[in-house]
Every structure is written in C-alpha cells, then in structure tokens.
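Below: the structure, in structure tokens.
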Amino acid sequence: MTIASLNNATQVELLTLYREMLLIRRFEEQCNALFLQGKIPSTLHLYIGQEAVAVGVCAALRPDDYVLGTHRPHGHALAKGVTSRSIMAELFGKVTGCCKAKGGSMHVGDMSVGMFPAIAIVGANAPIATGAALSAKMRGSGQVVVAFFGEGGANEGAVHEAMNMAAIWKLPVLFVCENNLYGASTPVSQIVAVENVADRAVAYGMPGVIVDGNDVLAVRDVTRTAVERARAGEGPSLIECKTYRLCGHSRSDACNYRTREEEAEWRDKDPLLRIKKLLTEETGLATLSDLEQVEAEVEAVLVDAIQFADESPEPAPEDALLHVFWEDK
Amino acid sequence: MAKMRYLQALRLAMTEEMERDPNVFIMGEEVGQYQGTYRVTEGLLNKFGDKRVVDTPISEIGIAGMATGAAMVGLRPVAEFMTWSFAMSAMDQLVNHAAKITYMSGGRIKCPVVFRGPAGVGTQLSAQHSHSLEAWFAHTPGFKVAMPATPEDAKGLLKTAIRDNNPVIFMEHAGLYGSSGEVSEDPDFTVPFGVAAVRREGKDISLIAYSKGVAMSLKAAEILEKDGISAEVIDLRTLVPLDMDTVVASIRKTHRAVVIQEEWRNAGFAAELATRIYEQAFDEMDAPIQRVAGADVPMPYAKNLERAAIPTEHDIVAAARRALS
Numbered sequence: 001m002t003i004a005s006l007n008n009a010t011q012v013e014l015l016t017l018y019r020e021m022l023l024i025r026r027f028e029e030q031c032n033a034l035f036l037q038g039k040i041p042s043t044l045h046l047y048i049g050q051e052a053v054a055v056g057v058c059a060a061l062r063p064d065d066y067v068l069g070t071h072r073p074h075g076h077a078l079a080k081g082v083t084s085r086s087i088m089a090e091l092f093g094k095v096t097g098c099c100k101a102k103g104g105s106m107h108v109g110d111m112s113v114g115m116f117p118a119i120a121i122v123g124a125n126a127p128i129a130t131g132a133a134l135s136a137k138m139r140g141s142g143q144v145v146v147a148f149f150g151e152g153g154a155n156e157g158a159v160h161e162a163m164n165m166a167a168i169w170k171l172p173v174l175f176v177c178e179n180n181l182y183g184a185s186t187p188v189s190q191i192v193a194v195e196n197v198a199d200r201a202v203a204y205g206m207p208g209v210i211v212d213g214n215d216v217l218a219v220r221d222v223t224r225t226a227v228e229r230a231r232a233g234e235g236p237s238l239i240e241c242k243t244y245r246l247c248g249h250s251r252s253d254a255c256n257y258r259t260r261e262e263e264a265e266w267r268d269k270d271p272l273l274r275i276k277k278l279l280t281e282e283t284g285l286a287t288l289s290d291l292e293q294v295e296a297e298v299e300a301v302l303v304d305a306i307q308f309a310d311e312s313p314e315p316a317p318e319d320a321l322l323h324v325f326w327e328d329k
Numbered sequence: 330m331a332k333m334r335y336l337q338a339l340r341l342a343m344t345e346e347m348e349r350d351p352n353v354f355i356m357g358e359e360v361g362q363y364q365g366t367y368r369v370t371e372g373l374l375n376k377f378g379d380k381r382v383v384d385t386p387i388s389e390i391g392i393a394g395m396a397t398g399a400a401m402v403g404l405r406p407v408a409e410f411m412t413w414s415f416a417m418s419a420m421d422q423l424v425n426h427a428a429k430i431t432y433m434s435g436g437r438i439k440c441p442v443v444f445r446g447p448a449g450v451g452t453q454l455s456a457q458h459s460h461s462l463e464a465w466f467a468h469t470p471g472f473k474v475a476m477p478a479t480p481e482d483a484k485g486l487l488k489t490a491i492r493d494n495n496p497v498i499f500m501e502h503a504g505l506y507g508s509s510g511e512v513s514e515d516p517d518f519t520v521p522f523g524v525a526a527v528r529r530e531g532k533d534i535s536l537i538a539y540s541k542g543v544a545m546s547l548k549a550a551e552i553l554e555k556d557g558i559s560a561e562v563i564d565l566r567t568l569v570p571l572d573m574d575t576v577v578a579s580i581r582k583t584h585r586a587v588v589i590q591e592e593w594r595n596a597g598f599a600a601e602l603a604t605r606i607y608e609q610a611f612d613e614m615d616a617p618i619q620r621v622a623g624a625d626v627p628m629p630y631a632k633n634l635e636r637a638a639i640p641t642e643h644d645i646v647a648a649a650r651r652a653l654s
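Shown next, in the form of structure tokens:
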C-alpha cells in the first residue's frame, strides 16, 4: 500500500472496499458449500483470491459505466452492484434471478447497474466492450467500459482485434487482465513469451500498467488514472493485475498442477488479509470490532440472499421458449 | 416508383434509415473512403461523415463484436461483411453472442444489429469465396434471416431489418447487385418479415425459392409453360421468420413442389422447408417433393466445373418434370 493511496482513502472508503471484498469472499464460499449440497447445479468458477481486482477497478467507476465479466463473473457483478439476491437466485435457477434463470453462473449481469450479462467465452467480451465504448463515444455519454479477461484470454484473437480497434479510435475502454498465473491448469510461462501481458500494450499504442492485483488501493488508483484518460478522449489502457486464484479453476479442479508451497505463499498475500491488516495494525483506522460488525452485515446479506433464492419459484417450463427474440413492451 | 439496381436500392434503404434515425450507423471494411467493395455504400461517407460511416481494419471478430456491443447500449449498427465468406472468422461473436444475448439476459437486453453483405456463388471465386451459408444462421435461434430476390425487396427488407430490435442476418446475392427493377421511393415503404410473395401464379406445381433462386424459378416457369405446365413461384423473402401459410396455400392448389436453394444440398434450408411441408400438408401431396441444390463440394474454379456444381433453371425444370411424371 502506498502512502499516496492511503492519503486518498478515508476510513469510510476503506471499510467500504473491505466490505465489498468480504462480500465476494463469503458469497463464493457459500456458493461452494451450496454446490456441494446440490443446491447449485452445473459448475462454478469462483473468484476467491482475486477480490481486490474487481473491487479496486469498480471503485474507480461511475454507476453508469459498463463492466463486462468473464466465465468467473460473480466478483465482477457484486463489485458493480448487482444484488446478492438476484445473483444467488440465478445460480439456484430461480425465476427471480438476474437473468430469469436463463443464464446461470456464467452469465450473471444487470444492465441497470452497468453490468453486462457476463460473456463466458474466453476473450470474447473484449470486442463487445469495445463496441459499447464506441456507442458511449458516439452518444457523448462520457461512460467508460471495462473488459475483464485472464492471461489466458489475452491470447485470443478477439482481444487482439478489440485492442487494436479501441486504440485506433481512442475509445473509452479499459482492458483489465487478471493474471492469476494459470489458464485452467496451464501456467502462464508456457503460453506467454513476454514477461508481462501488459508489455504488449506498446504494440497496440496504448499505456500498459502492471499492478499488484491483491492490493485493492493500488488497483483502484491505476484504474482511476486509466478512467480519467479514457473520459478525456485519450483512449484505452491495458492494466495487468498480478493475482492468484485461491481455489480451483472450476468445481472439479483439485489443483494438481501447482504446489502446496506456492498456494501457501499466495495465501499469505490474500487480499483480504492485506486490507484487514491495513485497516487495523498499520493505520488503526478500524478496530477488530469494526471488522466484526462488517462481517456480521455481510453474513446477514448472504443469509437473506440464500433464503430469497431458496424460496423463489422456479421458472415455468414453458418459459424455455420465451425471449429468443426481443419483445417490445 | 423509380427504376434502380439492387445495390442502389440497398443504398437507398440505408440512406433513408440513417436520415430517419441518428442511432443508425454503418461499419465495415472499405465501406467509407473506398465506397464499398461492391459500391453498395457509395456516397454515404460524404453524406453522413466518418462518425456514421466507419471504415474498420480487416478484423471480422472486432466488427461483429463491436456492432453487437454498440447495439446492446443504444445504437443501431449496420455492419457489413465484405462477403459472407469472411463472416466465418466471426462466428463466435455472431452465434454465441449477438444471437443469444436477449435470451441469456432473460429478455432484458435488445440487440438491434444488422449484419449484411454479399453471399452466393457463380463468379469463379472458387472454394473460399463462394458460399451460401444461410442454413447455419437459420439453424441458430435468435437470428432473423432475410434474403432479398428483387431490388424492391432489397430496399424494403433492409429497412425492416434496420428497424428490427433483433440481430438480422441480411444476405444479399452478389449476382443480383446489377439486376434492376421498380422500387418505391417512399421513405415509409418497407417489406415486412415473414410474408412470402407469390411471384407468379400457377396451378400445376409450386417452385419455392429465395434470393437468386427466385429468378431461376421464374425462368424455369417460362420453360415449363411452353409444355403447358403452369408453375407457381413463391419467394420466401425471409427464412426466419418463415411464412408457411403462403407455402401451404400454394401446395393446396398445386399438390406438387420443388424446393430450391443454391447452398450445399446436405442439411440445407430446402430440407427444412420440405420437412415442414410434409408436417403441415402431407395429405395434399400428389408426388414426393423434389429438391434442387448446389453440389456437396467446395466450389471449384474452372467455369465448366463451377457450372456443374451450381443449380440452374434447367435443374428446376428437370425437378418439376420428375414431380409431375
């Protein structure tokens, strides 16, 4: 944590960031438990360990800015303001879900808070985000768009085409690479010849920034700079957040491709431990009882969300045939 | 009414819709300064400026994805593929995103985007540049698929496509760009989707076609007439939505049918059409439905080889005679 970052953060802001990160962590832990209980079907790609990225980025955005998530989207959606209730109900396959049970875990979103339905084909959200940015520019709305992707997604042709087009037209879009070191099981060293994904930015003619993705204030600050640049009409940026999945790729993944020692090292760098330590030991901005209160609030939100999802009705079977085409209301 | 060519009618449709709605814009390769590879967008850059006629890099994934993203948040893009053969590079963006976003969002997001460009075969462009891919898109839930056969429909259907709140696959036929006909100059003139046209009345057999197959069917009908056979020609205009009412009404009259497509025979749209006729009007049929289609080969280059792989009016005549024998 830098001194400059701290000077820009008040106690309230820090506690808000902590609360949002904790909400994602506890939400994902609950999802895992509910998956094991059979309450949530399909598969799940959990965001545990990467919370500082989504929360740091979204803290630098306006409510009407747009975010496009990935197949691992719960963290992006929660950070952008989609409610725990509507996401949990979606995961349960209930009609009250944010996509009326049509999307599931990999497509959660709510345009009323600027969260596109998550795009779960790796790298495919980058052109769509760039198109949204073109729309923002044409409409003169001042909105900025964020496309999240992993270091694996960085190798998709769609990301390359989108970055080039965003740069030539100076579109207000941020390409945020969450480099969690493994594309499913494949280590980044096997799939990227340069040391950093952000090193590629120069080839597109945009700034490339590398940031500690487990430091929420650092992520927020680099995002702010990129957002200011985008809103000023100066074009896109590539931000690479170095981070780590503290869980498997999906629910069937036992993480046999990485060592327990490496996992332990990253557990020590857990973004939640970092912000907790900052709030208490390092700055004294919050007491342990303040943090316990936040924990209790988050717990209450999730108890409510799970109850809401559990008690919500399933969609009617005939709803399967609805919404193939847009219906004018 | 004014006499104009198919490509001019397309241009007029875009011009009128861009004047009508400031959210409509064009993007694609060579659409602006070069005025379009087939001159469809000629003059539009000068008229509307580079904010609304956007020249793109050669990036089909980017074009398709950006048009989809822009459509999801307030604009009405008309994205041109230089040819539909190049759209294959963008299939993920088209099929997995544009076509599905409304459904995946539980009906909460509309995606009013038109993907247009030339399709079709017959100009010795060989294997990688000669395609009729309509069946792929008609197969995918979420797309509307329009394939105009006349200049008037080129205008009327494209205007409907631009006003539609769903992704529309708009396949023009490169072999029809130079064809001319009477076209309404009324800016309120449109051709609705899902309403087939009876291009020629007849009583002995129904020739059911779309795009360039309609002109071939009309030629075939003239040949058949010389033998005293009265053929009815149906132009489907849109494959999705599909106007089966007009098709079935024709079958009830003629009791025989030839279904015509230019694309590869195997698993093509004509197979879907024939199946629906059997499902809805089996008892009306006096003979098996005959199918005219392209050969199941990548398009060969030499003129005589290409001719051998593409259906003609003579194939339609032969099919009609089989159905009537």
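Protein chains in written order, with our numbering: chain A, 1 to 329; chain B, 330 to 654. Beta carbons: idealized from backbone N, C-alpha and C, even for Gly.
So with CB distances below 7 Å, who are the chain B contacts of A:Thr134?
As a first step, residue 134 of chain A must be located in the first sequence, where it is residue number 134. The residue asked about is misnamed: residue 134 of chain A is Leu in this sequence, not Thr. In chain order: Met395 and Ala399.
So for A:His45, helix, strand or coil by DSSP?
On the first sequence, residue 45 of chain A is found 45 positions in, with the first residue counted as 1. If DSSP states are grouped into helix, strand and coil, A:His45 belongs with coil.
Thinking C-alpha only, which one of B:Arg437, B:Ile552, B:Tyr506 and B:Gly403 is nearest B:Gly449?
Position 120 of the second sequence holds residue 449 of chain B. Residue nearest to B:Gly449 within the set B:Arg437, B:Ile552, B:Tyr506 and B:Gly403 is B:Tyr506 (criterion: CA-CA distance).
Where B:Glu345 falls: helix, strand or coil (DSSP):
Residue mapping note: residue 345 of chain B aligns to position 16 of the second sequence, counting from 1. Taken through DSSP and simplified to helix, strand or coil, B:Glu345 comes out as helix.
How long is the line joining the alpha carbons of A:Leu44 and A:Asn32, rounded to whole angstroms?
Locating residue 44 of chain A in the first sequence gives position 44, where the first residue counts as 1. Locating residue 32 of chain A in the first sequence gives position 32, where the first residue counts as 1. Each residue's Cα considered, the two are about 8 Å apart.
If distances are taken between C-alpha atoms only, which option among A:Pro117, A:Asn196 and A:Leu217 comes closest to A:Glu151?
Taking the first sequence and counting its residues from 1, the one referred to as residue 151 of chain A is at position 151. Answer by Cα proximity: A:Asn196.
B:Trp714, enclosing beta strand (DSSP E) - first and last residue:
The question about residue 714 of chain B has no answer, for chain B in this structure spans 330 to 654.
Output the distance between the C-alpha atoms of B:Ala624 and B:Pro617, rounded to the nearest integer angstrom.
Working through the second sequence from its first residue, we reach residue 624 of chain B at position 295. Working through the second sequence from its first residue, we reach residue 617 of chain B at position 288. Their backbone Cα atoms lie some 20 Å apart in a straight line.
Going along the chain, which unbroken runs of the beta strand (DSSP E) with 3 or more residues stay wholly within the region 168-198 of chain A?
Fully enclosed beta strand (DSSP E) runs of 3 or longer: 173-179.
Are there three or more Cβ pairs, one per stretch, closer than 8 Å when the region 457-473 of chain B is compared with the region 372-386 of chain B?
no
Please list the residues of the region 335-354 of chain B that have a C-beta atom closer than 9 Å to any C-beta atom in chain A, keeping them in chain order.
Answer in chain order: Asn352 and Phe354.
Check distances from the C-beta atoms of the region 444-474 of chain B to those of chain A and list, in chain order, the residues that come in under 7 Å.
Within the region 444-474 of chain B, the qualifying residues are Pro470 and Gly471.
Does the count of Cβ pairs from the region 427-445 of chain B and the region 399-411 of chain B closer than 8 Å reach three?
yes
Rounded C-beta distance between B:Met356 and B:Ile390? I'm assuming under 8 Å.
Sequence index remark: in the second sequence, residue 356 of chain B carries index 27 (1-based). Sequence index remark: in the second sequence, residue 390 of chain B carries index 61 (1-based). Going by Cβ atoms, the distance from B:Met356 to B:Ile390 rounds to 13 Å, so no, they are not a contact pair.
Restricting to runs no shorter than 4 residues, where is the alpha helix (DSSP H) found entirely within the region 548-618 of chain B?
573-583 and 598-610
The region 90-109 of chain A in contact with the region 55-75 of chain A per 3-pair CB rule at 8 Å:
yes
Mind checking if A:Tyr204 is an interface residue toward chain B, Cβ cutoff 9 Å exclusive?
Here the question's residue 204 of chain A lines up with position 204 in the first sequence. So no, A:Tyr204 is outside the interface.
Should A:Leu321 be labelled buried (16 or more other beta-carbon atoms within 10 Å of its own) or exposed?
If you number the first sequence from 1, residue 321 of chain A lands on position 321. Burial call: exposed.
Give the DSSP-derived three-state secondary structure of A:Tyr244 in the structure shown.
Here the question's residue 244 of chain A lines up with position 244 in the first sequence. In the structure shown, A:Tyr244 sits in coil (DSSP, three-state: anything other than H, G, I, E or B).
Answer yes or no: do A:Pro236 and A:Ala167 have a C-beta to C-beta separation smaller than 9 Å?
Taking the first residue of the first sequence as 1, we reach residue 236 of chain A at position 236. Taking the first residue of the first sequence as 1, we reach residue 167 of chain A at position 167. Closer than 9 Å, so yes.
Which chain A residues sit within Cβ distance under 8 Å of B:Thr583?
One-based indexing of the second sequence puts residue 583 of chain B at position 254. Going along chain A, no residue has its Cβ under 8 Å from B:Thr583, so there is no contact; the nearest lies around 32 Å.
CB contact check: B:Ser434 to chain A, cutoff 9 Å
Within the second sequence, the letter at position 105 stands for residue 434 of chain B. Yes, B:Ser434 lies at the interface with chain A (some Cβ there is under 9 Å from its Cβ).
Under 9 Å (Cβ pairs) to chain B, residues found in the region 258-283 of chain A:
Here the close residues number zero.
DSSP three-state call for A:Gly56: helix, strand or coil?
Reading the first sequence from its first residue, position 56 is the one you call residue 56 of chain A. Note: A:Gly56 maps to helix in three-state DSSP.
So the beta strand (DSSP E) A:Gly208 belongs to, where does it begin and stop?
Against the first sequence, residue 208 of chain A aligns to sequence position 208. Taken as a continuous stretch (DSSP letters only), the beta strand (DSSP E) holding A:Gly208 covers Gly208 to Asp212.
Would you mind reading off the limits of the alpha helix (DSSP H) that contains B:Gly394?
Walking along the second sequence from the start, residue 394 of chain B turns up at place 65. It spans Glu389 to Met401 - the alpha helix (DSSP H) in which B:Gly394 sits, taken as one unbroken run.
Please report the residue range of the beta strand (DSSP E) in which B:His502 lies.
If you number the second sequence from 1, residue 502 of chain B lands on position 173. Element bounds for B:His502: Val497 to His502.
Kindly indicate the opening and closing residues of the beta strand (DSSP E) around B:Val512.
The residue given as residue 512 of chain B occupies position 183 in the second sequence. Run containing B:Val512: Ser509 to Val512, per the beta strand (DSSP E) assignment.
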